[in-house]
Each structure stands twice: as structure tokens, then as C-alpha cells.
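Student: So the sequence lines, in the order shown, correspond to chains E and A.
Position one of the first sequence corresponds to residue 1 (UniProt numbering), numbered consecutively onward.
Position one of the second sequence corresponds to residue 1 (UniProt numbering), numbered consecutively onward.
C-beta atoms are modelled at their ideal positions from N, C-alpha and C, and glycine is treated no differently.
Pasting a structure below so you can have a look.
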Amino acid sequence: MTDASANTPATPRPGKHAGSLLEQNARTLRRNAAERRFRAYGLSAIVIGVTALVVLLASILSQGLPAFQQTFITLEVHLDEAKLDKNGNRDIEEIKKVSTFGYAPLIKTALSTRAGELGISSEDLGVSDKEIAAMISKEAAAELRRFVIANPDRIGETVEFEFLATGRIDGYYKGRVTMESAEKDSNISPGQLQFADALKEGGALSTHFNWGFFTMADGSENRPEAAGIGVAMLGSLYMMIIVLVLALPIGVAASIYLEEFAPKNWFTDLIEVNISNLAAVPSIVFGILGLAIFINYAGLPQSAPIVGGLVLTLMTLPTIIIATRASLKSVPPSIRDAALGVGASRMQSVFHHVLPLAMPGILTGTIIGLAQALGETAPLMLIGMVAFVREFPAAPPEGFFDPASALPVQVYNWTTRADPAFVERASGAIIVLLAFLLCMNFLAIILRRRFERRW
Amino acid sequence: MPVLWIVLVVLGLGLIGYFAGRMRALGTAGGDTRRLHSLPSYYGWHALMLTVVPSLLVLAAWLLVAPNWIENTVSATLPEATIAESGSRGLAMAEVRRAAGALDRAVKQGTMDEATVATLHSGVADLADVTARLKETGAIITSDITVSVLRAAQEYRLMAKASGAYMTFAVLLLAAAGLVLALKRTNKDFRARNVVESGIRVILILASTIAILTTIGIVLSMLFETGNFFERYPWQKFFFGTKWAPDFRGDSELGMLPLLWGTLYISVVALLVAVPIGLFAAIYLSEYAGPKLRAVAKPMIEILAGIPTIVYGLFALMTVGPMVRDWIAQPLGLGNSTNSVMTAGLVMGVMLIPFVSSLSDDIINAVPQSMRDGSFGLGATQSETVKQVVLPAALPGIVGAVLLAASRAIGETMIVVMGAGAAAAQFADGPGAVINPFEAMTTVTVKIVSQLTGDTDFASPETLVAFALGLTLFVITLGLNVLALFIVRKYREQYE
Chain E
1 MTDASANTPA TPRPGKHAGS LLEQNARTLR RNAAERRFRA YGLSAIVIGV
51 TALVVLLASI LSQGLPAFQQ TFITLEVHLD EAKLDKNGNR DIEEIKKVST
101 FGYAPLIKTA LSTRAGELGI SSEDLGVSDK EIAAMISKEA AAELRRFVIA
151 NPDRIGETVE FEFLATGRID GYYKGRVTME SAEKDSNISP GQLQFADALK
201 EGGALSTHFN WGFFTMADGS ENRPEAAGIG VAMLGSLYMM IIVLVLALPI
251 GVAASIYLEE FAPKNWFTDL IEVNISNLAA VPSIVFGILG LAIFINYAGL
301 PQSAPIVGGL VLTLMTLPTI IIATRASLKS VPPSIRDAAL GVGASRMQSV
351 FHHVLPLAMP GILTGTIIGL AQALGETAPL MLIGMVAFVR EFPAAPPEGF
401 FDPASALPVQ VYNWTTRADP AFVERASGAI IVLLAFLLCM NFLAIILRRR
451 FERRW
Chain A
1 MPVLWIVLVV LGLGLIGYFA GRMRALGTAG GDTRRLHSLP SYYGWHALML
51 TVVPSLLVLA AWLLVAPNWI ENTVSATLPE ATIAESGSRG LAMAEVRRAA
101 GALDRAVKQG TMDEATVATL HSGVADLADV TARLKETGAI ITSDITVSVL
151 RAAQEYRLMA KASGAYMTFA VLLLAAAGLV LALKRTNKDF RARNVVESGI
201 RVILILASTI AILTTIGIVL SMLFETGNFF ERYPWQKFFF GTKWAPDFRG
251 DSELGMLPLL WGTLYISVVA LLVAVPIGLF AAIYLSEYAG PKLRAVAKPM
301 IEILAGIPTI VYGLFALMTV GPMVRDWIAQ PLGLGNSTNS VMTAGLVMGV
351 MLIPFVSSLS DDIINAVPQS MRDGSFGLGA TQSETVKQVV LPAALPGIVG
401 AVLLAASRAI GETMIVVMGA GAAAAQFADG PGAVINPFEA MTTVTVKIVS
451 QLTGDTDFAS PETLVAFALG LTLFVITLGL NVLALFIVRK YREQYE
């Protein structure tokens with residue numbers, strides 16, 4: 001056999017396998033090009049994914065950061081006794097009878113006085129007195145009234161106040177409103193903007209950090225400058241408390257049973273199938289559940305944190321159960337065996353040894369579940385959380401039944417309003433939400449890195 | 001007594017039980033713990049559990065059942081005339097509840113005393129005056145109160161009060177009985193640990209059945225209301241109707257097909273974005289990328305999964321929508337709307353990238369290295385190995401991942417609410433209007449939200465249709481999830 005093959009001529013056959021190893025033929029070139037293309041597709045997919053993330057965050061940040069700044073007008077208001085307390089007896093009930101309409105002229109006078117001091121002539125700019133008064137937020141009169149009711153003894157004095165400028169003036173300093181757009185806008189005139197510029201030069205108008213964004217309640221349709229996320233943050237906090245208090249113990253108890261005690265039978269199979277399915281059910285379906293069961297059947301109040309908390313608990317449970325079970329599973333059986341060997345019961349081995357060792361993983365899973373729940377919007381819309389809520393809910397536990405909003409729902413609510421200033425505030429609220437989520441995830445990572453043991 | 005107080009009292013009794021049980025056990029053993037069957041604390045836990053658990057369970061059950069029972073009883077006594085006047089039994093009962101609330105408030109504020117309230121419905125009092133006085137309490141009463149409503153309201157109040165009193169009595173009695181029973185059973189030979197442990201076991205089992213209860217709750221609540229809906233609207237027209245035009249004055253067209261079309265169209269666009277990008281990203285990360293790139297890129301892509309959908313919705317509304325309109329739709333003359341299938345689809349696609357990529361990444365990594373080595377040994381390039389060896393081996397898992405992503409896309413709400421628009425596809429306008437991806441189009445989830453937010457009347461088909469849509473959505477997503485699970489289980493290659 002070998003002879004026969006040795007006898008055949010060693011000349012290379014002509015055809016597709018001809019060629020040198022050092023020289024790439026067309027087919028190799030094609031295959032290598034395909035290889036490079038494939039690699040490029042993969043890399044570009046990653047680049048697209050990362051770019052999408054960067055663009056998303058950049059667009060939210062650039063649109064939302066101005067929400068933390070606000071334009072204020074500083075004025076010295078003379079609290080005229082003749083207007084606020086006609087009888088001069090400082091009776092709080094009588095002072096309360098003066099409505100915000102009684103306070104508006106005081107602010108108007110203060111602004112005209114200030115303009116006069118700074119040498120701004122309203123005739124030159126072509127703005128009427130009414131237009132000048134409209135430069136200050138309608139919220140200012142309410143703010144002044146609250147101050148007077150809280151401090152009736154200061155009536156008659158001249159007090160310095162920092163009032164919110166209206167949304168349009170604020171937008172002018174943030175680039176949202178320009179002289180050109182003001183001409184077409186019925187809510188603001190170029191004259192008012194020039195007036196504002198003059199005030200700014202005189203130091204009466206300034207733009208700086210706005211704490212009110214965090215502490216104020218939602219503002220009505222035409223007062224975007226007075227809208228804040230206070231109620232929404234409080235509502236979200238209440239719901240997170242409810243979710244934590246309910247979902248953590250129930251989730252841990254369910255996982256312990258399924259992982260440590262459950263026999264393998266149809267019942268535990270049913271539970272497992274249910275849990276994995278609930279994890280994938282669309283969130284809006286949980287909203288329908290909340291509406292039908294908690295509100296219509298059980299008669300709990302609409303837009304209350306308790307209902308939102310219950311719905312979010314049911315949504316978070318699968319996440320917590322899955323994380324807890326993984327964490328329990330990772331505790332080696334030798335720990336259980338050792339505990340049983342020294343005479344502990346199965347319950348004792350679980351509660352005294354396995355559970356503490358699994359705790360970091362459980363907490364990590366819980367935090368991630370809470371983060372998910374914090375950003376959830378759709379189910380909360382169905383249980384009435386989109387309602388306009390101006391009152392802060394009371395302290396728990398009664399507060400759990402008061403109407404409240406939630407951060408993501410507040411964002412949605414603002415995007416549906418006409419004034420573009422609300423969109424800026426929605427992005428600002430998103431930044432706050434993302435900051436919370438970032439902190440929670442960071443905490444989860446630290447917990448995992450710091451305490452998780454590997455066997 | 002408010003519920004919170006009852007709970008606190010029961011917990012207090014439980015705490016007393018803990019220490020009493022412990023002390024009693026130690027007492028019977030003469031202070032020598034070695035003579036006890038269990039550790040002393042188990043006797044305490046035993047007493048605490050017997051005191052607290054049954055009474056709180058009864059409390060919860062009572063709170064769930066009693067309001068309904070009262071409502072049904074009172075509603076049965078309402079005369080037909082009153083029901084006819086209000087329009088329906090539900091509306092009449094709502095009026096009764098409001099009146100009862102107003103009476104409660106009047107008594108609380110001191111404008112009426114119990115004796116007057118009790119005589120109100122005898123017909124002596126001036127009804128207009130009563131209405132005015134109830135309105136003064138801040139209650140929302142729209143029309144003048146009738147005698148029958150007042151009578152029902154009074155009955156409602158009395159029953160609610162009686163129920164509250166009985167509940168307090170029953171719960172506290174049960175707690176005390178549990179405490180006494182536990183203490184009586186306690187002696188040094190009592191096997192407290194075994195009892196406590198089986199009790200805890202029951203609690204653990206109860207906790208794990210909540211998952212089942214939730215599913216049952218979801219299915220029942222939707223089935224019930226869907227049944228109501230089909231009583232008012234023919235199911236054939238819902239499932240096969242091609243027009244969606246709800247009208248709260250009645251005479252609505254509630255065909256599901258336009259919504260389903262919108263949902264599927266947007267999901268397909270989203271998957272067309274997410275599947276190639278996610279899959280290629282997964283392949284690159286697992287087959288090509290070095291550890292450094294992987295350490296950076298993988299978490300960054302996974303951040304996309306942790307961002308709440310409202311953020312994506314805002315992104316669609318403010319950034320992507322105007323961009324799609326100004327750069328693509330208007331130059332091509334295809335539409336003027338910032339809300340469009342394309343906007344929602346693109347943004348949703350970005351949201352789904354991590355779902356596809358991280359699941360596929362895991363699956364590709366699970367394909368054993370020996371298979372790749374075999375392929376390289378035969379002279380295949382890396383991409384040929386991926387295409388002809390790794391991907392076929394990982395295919396079931398990848399199909400499962402894509403199905404899961406599809407179920408996410410179909411159930412997604414906020415992105416479509418903010419990005420896709422509210423107008424249903426108009427089949428009557430011909431295929432052009434339905435297929436144009438730059439037109440606004442609405443989905444099942446958007447309509448669930450819009451039919452159920454704001455003022456809703458649970459007797460009208462326009463509201464109830466949301467439950468039928470929800471059930472449809474639930475069934476579709478459940479089907480996709482089960483299918484995904486099935487494919488992964490059935491076709492997964494098992495490597496050692």
C-alpha cells in the first residue's frame with residue numbers, strides 16, 4: 001500500500017486546493033473577511049447598547065438638572081396693618097379671613113417699589129402694572145398668608161421675602177423661553193422679560209438651588225414653579241415601608257419552606273410553577289388585581305399607600321423568594337449536618353445556622369426587589385395614584401390610608417400637562433428616582449461583596 | 001376599638017404569655033432547666049403563639065368578610081323604588097354608605113347626637129334640613145336624602161358598630177383563651193419544642209401558599225369582571241371586532257383586534273431591535289471580549305434592565321419621539337406625530353436588549369469548551385464555530401430568552417402609554433394606515449390604563465372591557481412564558 005502511494009507523482013493537483021500556505025487564496029480571504037465582519041457586528045452591538053444607555057442618561061440629566069434651580073425674586077414686603085388686620089387686635093380668626101386676594105396687592109406694591117428703587121421704568125419697557133404683578137408666582141400670596149398667620153405679631157413690619165418667579169420667567173433663565181417665543185405667548189411678554197433682566201441686574205432676581213422641589217407638594221396646572229416631589233417621595237417611602245415589612249418576612253418564610261422542608265409533591269410543584277409565573281406576569285395585571293380585590297372588594301381607599309404597598313408586595317415577592325432560595329441553596333449541607341449532629345432539630349438548624357449565613361444574599365435580593373418596586377408605575381396608576389394630591393399624608397399608620405402620590409406616577413402625571421416647565425420637573429424627579437435606585441443597588445453590591453461567603 | 005389597638009392588646013397579651021409560660025415551665029421543674037423537655041424559651045413561644053396567631057387570623061378574616069356581609073344584608077333591605085331611583089343597586093348602596101359616613105361625622109363633630117340620629121328616619125325630621133346639616137359636616141351628598149336611604153344608612157351604621165364590638169370581643173376572648181390554654185398545658189414534661197416547631201411549619205406553609213393565592217386572585221378577579229363584561233357586550237364582537245371606539249354614553253364598539261394588532265406590531269419592532277443587538281452583544285461578550293471589556297460592558301448593558309420603565313417612557317416622549325418625527329417621518333412624508341409605533345418600538349427594543357443578552361450569554365457560556373475546540377481542530381474560524389456549533393447547541397435557550405423578551409414587550413405599559421399614542425389602529429382606513437410605523441397606534445395595555453383611570457363606573461362595558469383585555473394579556477403572556485419554559489426544558493442539551 002505504501003509503495004503504491006509513494007509511486008504516485010508528488011506534483012500538486014491543479015484545482016481549488018492549489019496554492020501556498022503563505023499566500024491566502026480567495027476562499028480564505030473570504031472566510032477571514034466574514035470573520036472580521038462578524039466580530040464587527042458583535043462589537044457594534046455592544047457599542048449600540050452602551051450608547052443607548054449613555055444617550056438615555058444624558059438626555060434625562062440635561063433636561064432634568066435645571067429643575068433643581070429656580071428663579072426667585074427678593075422683595076421687602078410691608079405687612080400693611082390696614083389691609084391684614086383692620087381692627088388691629090391681632091385676632092388670628094380675623095386675620096385668617098383675609099384671603100390670598102388680600103395679600104396680592106402687598107406683593108405688587110413691593111415689586112413696584114423695588115423697581116422704582118432700581119430705576120426701572122415700566123413705561124419704557126411697555127409693561128402694565130398687571131403684567132408686572134404677574135411676574136411673581138401665584139403661590140407667593142399664599143406663602144405670604146401662611147407667614148402672617150404663623151407670625152401675626154409681625155404685622156405692620158417690613159419683612160424680606162424670597163418669592164418664586166413664574167414658570168415663564170424661570171424658563172427664560174433656563175433657555176426654555178426666549179424673546180421670540182415670548183412674543184407669541186399669551187402668558188409672558190418680551191417687556192416682562194426685559195423687566196426681569198433689569199431686576200436681575202439690580203440684584204432683586206436670582207436663580208439658585210431650589211430646596212422647595214424636594215419639600216413642596218404638587219402644584220396646580222398653572223403653577224409649575226411651585227410644584228415639588230414632597231408628597232410623592234413620602235408616598236413612595238410609605239409604600240417601601242409596607243413592602244419591606246410584608247414582603248421580607250413572607251418571602252423568607254416561603255423560601256425556607258420550599259427550600260428546606262417541602263416534600264416533593266404536586267402541591268410544592270404547584271407553588272413553584274406559580275412563583276416562576278408570577279415573576280413574569282405583566283405589572284399592569286397586578287394593578288388590575290389591586291383594583292378588583294383591595295379597592296372594589298375589600299373597600300380600601302383609592303390612591304392610598306396601603307393599597308400601593310400591598311400590590312407592590314405581591315409583585316416583589318417572587319423576586320425575593322427566588323433570591324432567598326438561591327441564597328439558602330448556596331449554604332453547604334455540611335452546616336446543616338453539623339447542626340443536626342450536635343442534636344439540633346431541623347427547625348433549629350435552619351433558624352440558628354443556615355438563615356444567618358444566607359442573610360447577606362437575602363438582603364441583597366430584598367434591596368433589588370425594593371428597587372424594582374420603587375420604579376414601578378403602571379399598577380399604581382390603576383389604583384388611583386395619578387390623582388392630584390396636594391395634602392401631605394399623615395404620619396403612619398393613619399397616613400398609610402391617606403391619599404398620596406408616588407415618585408414614578410408623579411413623573412407620568414407631569415408629562416401629561418401642557419406647560420413645558422412640568423416636563424423639566426418630570427426629568428428632575430426622574431433624576432431623584434434614579435439617584436435612589438443607584439444608592440439601593442450600590443448598597444446591594446456592598447452587602448454582597450462584604451458579607452457574602454463562598455464555600 | 002380601632003383595629004390597631006386590638007392588635008396591640010393581643011400582642012401585649014402574647015408578650016405576657018411568653019414570660020408567664022416560661023416562668024411556669026421553670027416553676028414546675030423547680031428552676032432546674034435540665035428537667036424540662038424543651039428549652040425554657042420554647043414554653044414562652046408556645047404561649048405566645050397560641051395567644052397571638054389564632055386571634056389575629058380571626059381578626060383578619062373578620063375584617064375581610066364582615067363589610068361584605070353588612071353590605072349585602074343592608075342592600076337586601078333597600079326597597080326597589082330607591083334602587084330604581086339611583087339607577088342601580090351599586091349606586092344606591094354608594095349613597096347609603098355616604099349617608100352613613102356623614103351621620104358618623106355629624107355625631108363625631110357633635111352637630112347631632114345618637115338619639116336624634118336614631119329618630120331621623122321615622123319621617124318626623126325635615127329631610128331638606130337633614131341634608132343640609134349632613135353637608136355641613138363636609139360629606140359629599142349630591143341629592144336630597146330620602147327616608148329609605150336614611151333608614152338603610154342608620155341600619156348600616158348600627159350593624160357596622162355591632163360588628164366592630166363583636167369582633168373586639170371575639171378576638172380578645174380568643175387571645176385570652178389561647179393564653180389560658182397554653183399556660184394550662186405548660187408543665188415540665190410538655191413537649192413545647194415539637195408543638196412550636198409544627199406551628200412554625202404551618203406558618204411557613206401558609207406563607208408559601210400566598211403565591212398560589214395571588215394567582216387565584218388575579219384569575220378570579222379578572223374572570224368575574226370579564227363575565228360581567230360579556231353579559232353586557234357580546235364576546236364575538238370583542239374578540240373579532242375590528243373597530244375600537246369606546247363611548248361612555250353607550251353604544252361603543254369594543255373590538256379587540258386593533259389593540260392586539262398595535263401590541264403585536266410594536267412588540268415585533270422592539271424584538272427586531274433587541275434580538276440582533278442582544279444576541280450579537282452576548283456572542284461578542286462570551287466568545288471574543290477579553291476580561292477587561294467584559295467587566296465593563298456587561299454591567300453597563302445590564303444597567304439597562306434596572307432602569308424603571310417610566311424613564312424609558314420619558315425618553316421616548318422627549319427625545320426619541322421628536323427625533324423620529326423630525327429626521328425620518330417628516331422628510332419621508334410618513335407622519336407628523338411624535339407618538340408612533342417606531343418610537344415605542346425602538347425604546348422598548350433598547351429596554352429588552354439586556355433581557356436577550358444576559359440570558360443568551362449564560363446559555364452560550366454553558367456550551368462546553370470541548371465543542372468549540374473540536375470545531376477549531378477541524379479548521380473552522382471563530383465565527384464559523386459560533387454560527388455552526390455554538391449557536392445550534394444554544395438555540396433552545398436563546399429561543400426561550402426571545403420568548404421571554406416577547407412576553408415582556410407585550411405586557412409593557414409605560415413606554416407605550418408615553419410613546420405609542422392613544423388612537424387605535426383604524427382597519428377601516430385600509431392597510432396603509434395600519435402598517436405605517438410612523439403613525440400613532442395604541443395597545444392593549446394603554447387601553448387598560450385609560451379605561452380604568454379617572455372616574456370609572458363598574459357597571460358600564462367601557463370600564464369592564466379593561467378586565468377582559470387584562471385577562472387576554474394575562475393568557476397571552478402566560479402562554480409565552482410556559483412555552484419558553486417548555487422549550488428550554490425539552491430541547492436543552494445536557495452536558496456534563
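(1) Is the CB-CB distance between G255 of chain A and F238 of chain A below 8 Å?
(2) Can you look up L179 of chain A in the DSSP assignment and give me helix, strand or coil?
(3) Rounded to whole angstroms, what is the Cα-Cα separation between R27 of chain E and V389 of chain A?
(4) Hey, does S5 of chain E have any beta-carbon neighbour from chain A nearer than 8 Å?
(5) Answer with yes or no whether the minimum CB distance from T415 of chain E to chain A is below 8 Å.
(6) Quick one: using the 10 Å Cβ neighbour count with 16 as the cut-off for buried, is E23 of chain E buried or exposed?
(7) Can you list, in chain order, the stretches of the alpha helix (DSSP H) that have 4 or more residues and sit fully within the segment 10-80 of chain A?
(8) Would M300 of chain A pass as an interface residue toward chain E - the criterion being a Cβ-Cβ separation below 8 Å?
(9) Which class does I446 of chain E belong to by DSSP, given the choice of helix, strand or coil?
(10) Closest to Y297 of chain E by CA distance: which of A:W69, A:A106, A:V180, A:K184 is it?
(11) Name, in chain order, the residues that DSSP records as bridge partners for S206 of chain E.
(12) Looking at C-beta atoms only, is the number of pairs between the segment 241-249 of chain A and the segment 347-359 of chain A that lie closer than 8 Å three or more?
(13) Looking at the secondary structure, which residues open and close the alpha helix (DSSP H) in which L164 of chain E lies?
(14) Please name the residue or residues paired with V77 of chain E in a DSSP beta bridge.
(15) List the residues of chain A that N277 of chain E touches, going by C-beta distances under 8 Å, in chain order.
(16) List in chain order: all unbroken alpha helix (DSSP H) runs of 4+ residues lying wholly within the segment 245-314 of chain E.
(17) Sort A:A305, A:G345, A:Y288 by Cα distance to L434 of chain E and report the nearest one.
(18) Could you pull out every residue in the same chain whose Cβ sits closer than 7 Å to the Cβ of R325 of chain E, ignoring the five residues on either side in sequence?
(19) Where does the unbroken alpha helix (DSSP H) through A274 of chain A begin, and where does it stop?
(20) In angstroms with no decimal places, state the Cα-to-Cα distance between D104 of chain A and L61 of chain E.
(21) Does the CB of R27 of chain E have a neighbour CB from chain A at under 8 Å?
(22) Under 7 Å Cβ to Cβ from I46 of chain E, same chain only, skipping five residues before and after it: list those, please.
(23) Let me know the secondary structure DSSP gives M1 of chain E once reduced to three states.
(24) Closer than 8 Å, CB to CB, is M348 of chain A near chain E or not?
(25) Please confirm whether M318 of chain A has its beta-carbon closer than 8 Å to some beta-carbon of chain B.
(26) Can you grab the Cα-Cα spacing for the pair G101 of chain A / E155 of chain A, in whole Å?
(27) Which value, in whole angstroms, describes the spacing of the CA atoms of V231 of chain E and D402 of chain E?
(28) Answer with buried or exposed for M179 of chain E, where buried requires no fewer than 16 other C-beta atoms within 10 angstroms of its C-beta.
(29) Would the beta-carbon of L182 of chain A fall within 8 Å of that of G17 of chain A?
(30) By a C-beta neighbour count over all protein chains shown, 10 Å radius and 16 as the cutoff for buried, is S360 of chain A buried or exposed?
(31) Is it the case that the Cβ atoms of V243 of chain E and G309 of chain E are separated by a distance below 8 Å?
(32) Rounded to whole angstroms, what is the Cα-Cα separation between E76 of chain E and D85 of chain E?
(33) Can you pull the chain E residues whose beta carbon is under 9 Å from the beta carbon of R193 of chain A, in chain order?
(34) Determine whether the Cβ of M240 of chain E lies closer than 8 Å to any Cβ atom of chain A.
(35) Tell me, which residues are paired with E253 of chain A by DSSP?
(36) Between L483 of chain A and the rest of its own chain, which residues show a CB-CB distance below 7 Å, the 5 nearest in sequence each way excluded?
Tutor: So, to answer that:
(1) Numbered from its first residue, the second sequence carries residue 255 of chain A at position 255. Numbered from its first residue, the second sequence carries residue 238 of chain A at position 238. It is a contact, given that the beta carbons lie within the stated cut-off.
(2) Counting from 1 along the second sequence, the entry for residue 179 of chain A is found at position 179. In the structure shown, L179 of chain A sits in a helix (DSSP, three-state: H, G or I).
(3) Locating residue 27 of chain E in the first sequence gives position 27, counting from the first residue. Locating residue 389 of chain A in the second sequence gives position 389, counting from the first residue. When rounded, the distance between both Cα atoms is 21 Å.
(4) In the first sequence, the residue the question calls residue 5 of chain E occupies position 5. Low confidence applies to S5 of chain E: its pLDDT is 48, below 50, so where it sits in the model is not reliable, and the reading given next is rough at best. Answer no: the Cβ-Cβ gap between S5 of chain E and chain A never drops below 8 Å.
(5) Start at 1 with the first residue of the first sequence, and residue 415 of chain E comes out as number 415. So yes, T415 of chain E belongs to the interface.
(6) Position 23 of the first sequence, counted from the first residue, corresponds to residue 23 of chain E. Exposed is the call here.
(7) 40-77
(8) Reading the second sequence from its first residue, position 300 is the one you call residue 300 of chain A. Chain E, which has a Cβ nearer than 8 Å to the Cβ of M300 of chain A, makes this yes.
(9) Locating residue 446 of chain E in the first sequence gives position 446, where the first residue counts as 1. Correct three-state label for I446 of chain E: helix.
(10) Translated into the one-based positions of the first sequence, residue 297 of chain E becomes position 297. Of the listed residues, the one whose Cα sits closest to Y297 of chain E is A:W69.
(11) Your numbering for residue 206 of chain E matches position 206 in the first sequence. Beta-bridge pairing links S206 of chain E to E:F72.
(12) no
(13) Within the first sequence, numbered from 1, the residue matching residue 164 of chain E stands at position 164. Element bounds for L164 of chain E: not the alpha helix (DSSP H) but the beta strand (DSSP E), 158-164.
(14) Mapped onto the first sequence, residue 77 of chain E falls at position 77. Paired residue(s): E:V159.
(15) Position 277 of the first sequence, counted from the first residue, corresponds to residue 277 of chain E. What N277 of chain E touches in chain A: T215, L478, N481, V482.
(16) 266-278, 283-289
(17) Here residue 434 of chain E is taken as the residue at index 434 of the first sequence, counted from 1. Among A:A305, A:G345, A:Y288, the Cα nearest to that of L434 of chain E belongs to A:A305.
(18) In the first sequence, residue 325 of chain E corresponds to position 325, counting from 1. S255, L258, E259.
(19) The count along the second sequence starts at 1 and reaches residue 274 of chain A at position 274. Here the alpha helix (DSSP H) through A274 of chain A covers 257-283.
(20) The sequence position of residue 104 of chain A within the second sequence is 104, counting from 1. The sequence position of residue 61 of chain E within the first sequence is 61, counting from 1. Taking the straight line joining both Cα atoms gives about 50 Å.
(21) To locate residue 27 of chain E, count along the first sequence from 1; it is residue 27. Chain A, which has no Cβ nearer than 8 Å to the Cβ of R27 of chain E, makes this no.
(22) Counted from its first residue, the first sequence places residue 46 of chain E at position 46. So no residue of the chain qualifies.
(23) Taking the first residue of the first sequence as 1, we reach residue 1 of chain E at position 1. Low confidence applies here, because M1 of chain E scores a pLDDT of 43, under 50, leaving its location unreliable; read the following figure in that light. It is coil, neither helix nor strand.
(24) For the purposes of this step, residue 348 of chain A is identified with residue 348 of the second sequence, where counting begins at 1. Taking Cβ atoms only, chain E never reaches closer than 8 Å to M348 of chain A, which makes this a no.
(25) Protein chains E and A are contained in the structure displayed, whereas chain B is not.
(26) Within the second sequence, numbered from 1, the residue matching residue 101 of chain A stands at position 101. Within the second sequence, numbered from 1, the residue matching residue 155 of chain A stands at position 155. Computed Cα separation, rounded: 12 Å.
(27) In the first sequence, the residue the question calls residue 231 of chain E occupies position 231. In the first sequence, the residue the question calls residue 402 of chain E occupies position 402. If you take the alpha carbons of V231 of chain E and D402 of chain E, they lie about 11 Å apart.
(28) Taking the first sequence and counting its residues from 1, the one referred to as residue 179 of chain E is at position 179. The residue is exposed, with fewer than 16 neighbouring Cβ atoms inside 10 Å.
(29) Position 182 of the second sequence, counted from the first residue, corresponds to residue 182 of chain A. Position 17 of the second sequence, counted from the first residue, corresponds to residue 17 of chain A. Per the sequence shown, residue 182 of chain A should be read as Ala rather than Leu. A contact, by the Cβ cut-off of 8 Å.
(30) Within the second sequence, the letter at position 360 stands for residue 360 of chain A. With 16 or more other Cβ atoms within 10 Å, it is buried.
(31) As a working mapping, residue 243 of chain E is identified with position 243 in the first sequence. As a working mapping, residue 309 of chain E is identified with position 309 in the first sequence. Result yes, Cβ atoms of V243 of chain E and G309 of chain E sit closer than 8 Å.
(32) Working through the first sequence from its first residue, we reach residue 76 of chain E at position 76. Working through the first sequence from its first residue, we reach residue 85 of chain E at position 85. Distance between the alpha carbons of E76 of chain E and D85 of chain E: 19 Å.
(33) Within the second sequence, the letter at position 193 stands for residue 193 of chain A. By Cβ distance, chain E contributes S345, M347, Q348.
(34) What you label residue 240 of chain E is simply residue 240 of the first sequence in a count that begins at 1. Judged by the 8 Å Cβ criterion, M240 of chain E is not in contact with chain A.
(35) The sequence position of residue 253 of chain A within the second sequence is 253, counting from 1. E253 of chain A is bridged to A:A245.
(36) Taking the first residue of the second sequence as 1, we reach residue 483 of chain A at position 483. The answer, listed in chain order, is L403.
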